[in-house]
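*Asks:* Protein chains in written order, with UniProt numbering: chain Z, 1 to 215; chain V, 1 to 215.
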């Protein structure tokens, strides 16, 4: 029979193996797409035996959805970490926009995009991908509202924050096939100017009667 | 030997067959992805024999790239058509933003997205997809600058127009798995307000010395 001290390192090894498989699945998805992210290919990339990989993830769909969940969690954790480091003062809006743009780019985004593309023609996958994406959207939206102190009771502010997420998604897509870093930096800076102005000085025609008392 | 009058209807039939194959390829890509868009599946959807399809497009890659080129051309033609109908006055900016957003949505966008996703893991495909995407980007950017009379010598204006295209790409992606029509309408309206304000009243800090003489 196992003693408690035997079980603990075994559980720890199992966690490490699982984490390596999930990281490898993200890498396979980003570089080779869904068709290239088989359990075997992911096991090889992770340096784990195929049998061990199948023990953790009997099906490819299970592995890929776990990888998406893993990305969602690591993006959320990254947001929380970066939120603490956002500067006060005039650079704040640009730092927050940059944070959002970073949340929708890099290998995690490229991997998620492969799953979205596959989900477009696979209703069962789509049903499972949508709630995870909504979770990311809500987490990022909430973080931006908090960090910028955006008053969503003022008409237009909620949509301006949503547009920031849509812009970030679009910039992620523009960066998929070519290195768009330099252009992206200029677009982020300009969007930050526009967003900041909207949040600080709403146009009279879009200002709600409650705005003066709510701020 | 063929007479000129024999050749003409034959050439016309050939053009019609080709156009049907390209439309069918867009549909297959959007609904089934690259792996579902085989020459055989496209021929079946187009109601064309497999032999005839292979005569026009011996390889799947050739067919899919021709479909992308076909989408690029039809998007550009659609832009030109809609540009003539853009209203003057205060609704103009929103109409232009809506036009851009429409250019990056629907079955054409969904089909293009499948090709982008496939190109991310296929360097040969990527090399051929990039110039076509750059062509669309330039055409849409140019149309927006013209239609809004945006003065790109004023710092920030060029990036504000680019951001509009990035937003449109992001909204297209957000609409891939769920029907995002209602939210998208509100984001477009707010974006138009922000873009209009930026183009009409650049912030003092981003206004170039030339702006007063150029406008």
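Positions of the beta carbon are idealized from the N, C-alpha and C atoms, including for glycine.
By Cβ distance, which residues of its chain are closer than 7 Å to residue 45(Z), with the 5 residues on each side in sequence left out?
*Replies:* If we look at residue 45(Z) and ignore the five residues flanking it on each side, its Cβ neighbours are 24, 27 and 28.
*Asks:* Provide the residue span of the alpha helix (DSSP H) that contains residue 149(V), from first to last.
*Replies:* Careful: residue 149(V) lies outside any alpha helix (DSSP H) and carries neither H nor E.
*Asks:* Ordered along the chain, which non-local residues of its own chain (more than five positions away) have a Cβ less than 7 Å from that of residue 112(V)?
*Replies:* These residues qualify, in order along the chain: 68 and 71.
*Asks:* Quick one: grab the DSSP three-state call for residue 107(V).
*Replies:* Looking at residue 107(V) - three-state DSSP - the assignment turns out to be helix.
*Asks:* Label residue 17(V) either buried or exposed according to how many other C-beta atoms from any shown protein chain fall within 10 Å of its C-beta, with 16 as the threshold for buried.
*Replies:* Looking at its Cβ environment, which holds 16 or more other Cβ atoms inside 10 Å, residue 17(V) is buried.
*Asks:* Does any residue of chain A bring its CB to less than 9 Å from the CB of residue 178(V)?
*Replies:* No chain A appears in the structure shown, which is made up of the protein chains Z and V.
*Asks:* Rounded to the nearest angstrom, what separates residue 39(Z) and residue 115(V) at their Cα positions?
*Replies:* Taking the straight line from one Cα to the other gives about 24 Å.
*Asks:* First and last residue of the alpha helix (DSSP H) that includes residue 203(V)?
*Replies:* Run containing residue 203(V): none; DSSP gives neither H nor E here.
*Asks:* Find the residues of chain V that neighbour residue 36(Z), judging by a C-beta separation of less than 9 Å, and give them in chain order.
*Replies:* Within 9 Å Cβ-Cβ: 121.
*Asks:* Using only CA atoms, which one of 165(Z), 144(Z) and 181(Z) lies nearest to residue 93(Z)?
*Replies:* Answer by Cα proximity: 144(Z).
*Asks:* Quick one, which of 148(V), 120(V) and 152(V) has its alpha-carbon nearest residue 192(V)'s?
*Replies:* Comparing Cα-Cα distances from residue 192(V) to each of 148(V), 120(V) and 152(V), the minimum goes to 148(V).
*Asks:* On the criterion of 16 or more Cβ atoms from any shown chain inside 10 Å, does residue 11(Z) qualify as buried, or is it exposed?
*Replies:* With fewer than 16 Cβ atoms within 10 Å of its Cβ, residue 11(Z) is classed as exposed.
*Asks:* Using a Cβ-Cβ cut-off of 7 Å (strictly less than) and excluding sequence neighbours within five positions of residue 215(V), which residues of its own chain qualify?
*Replies:* Residue confidence is low: residue 215(V) scores 36 on pLDDT, short of 50, so the model does not pin down where it sits. No coordinate-derived value is stated.
*Asks:* Could you run through the stretch 144-160 of chain V and flag, in chain order, every residue whose CB is less than 7 Å away from some CB of chain Z?
*Replies:* Those would be 156, 159 and 160, in chain order.
*Asks:* Would you check if there are 3 or more beta carbon pairs closer than 8 Å linking the stretch 170-183 of chain Z to the stretch 167-179 of chain V?
*Replies:* Yes, the stretch 170-183 of chain Z is in contact with the stretch 167-179 of chain V.
*Asks:* Taking the alpha-carbon positions, what's the residue 103(Z) to residue 51(V) distance?
*Replies:* Cα to Cα, residue 103(Z) sits roughly 47 Å from residue 51(V).
*Asks:* Round the Cβ separation of residue 108(Z) and residue 176(Z) to the nearest angstrom and send it over; I've been treating them as touching at under 8 Å.
*Replies:* Not confirmed; about 13 Å, so no contact.
*Asks:* What in chain V is Cβ-close to residue 167(Z), meaning under 8 Å?
*Replies:* What residue 167(Z) touches in chain V: 163, 166, 167 and 170.
*Asks:* Give me the chain V residues within the contact set of residue 113(Z), using Cβ-Cβ distance strictly less than 9 Å, ordered along the chain.
*Replies:* Within chain V, the residues near residue 113(Z) are 113, 116, 117, 120 and 173.
*Asks:* Mind checking whether residue 61(V) and residue 125(V) have CB atoms under 9 Å apart?
*Replies:* Yes, Cβ-Cβ distance for residue 61(V) and residue 125(V) is below 9 Å.
*Asks:* What residue does the alpha helix (DSSP H) around residue 157(V) start on, and which one ends it?
*Replies:* Where residue 157(V) is concerned, the enclosing alpha helix (DSSP H) stretches over 157-174.
*Asks:* Tell me the residue span of the alpha helix (DSSP H) that contains residue 74(Z).
*Replies:* Residues 60-84.
*Asks:* Apply the 10 Å Cβ neighbour rule to residue 181(V) and answer buried if 16 or more other Cβ atoms are within range, or exposed otherwise.
*Replies:* It counts as exposed.
*Asks:* 9 Å is my cut-off, CB to CB: does residue 187(Z) come that close to chain V?
*Replies:* Chain V contact via Cβ: present.
*Asks:* Between the stretch 27-56 of chain V and chain Z, which residues of the former have a C-beta closer than 8 Å to a C-beta of the latter?
*Replies:* Against chain Z - using a Cβ distance shorter than 8 Å - the residues of the stretch 27-56 of chain V are 30, 31, 32, 33, 35 and 36.
*Asks:* Please compile the residues from chain Z whose C-beta is within a distance smaller than 8 Å of the C-beta of residue 108(V).
*Replies:* Within 8 Å Cβ-Cβ: nothing; residue 108(V) doesn't reach chain Z, min ~14 Å.
*Asks:* For residue 59(V), which option in 76(V), 48(V), 37(V) and 75(V) has the closest C-alpha, if you only look at C-alpha atoms?
*Replies:* It is 37(V).
*Asks:* Could you tell me the distance, in whole angstroms, from the CA atom of residue 157(V) to the CA atom of residue 199(V)?
*Replies:* Approximately 6 Å, taken between the alpha carbons.
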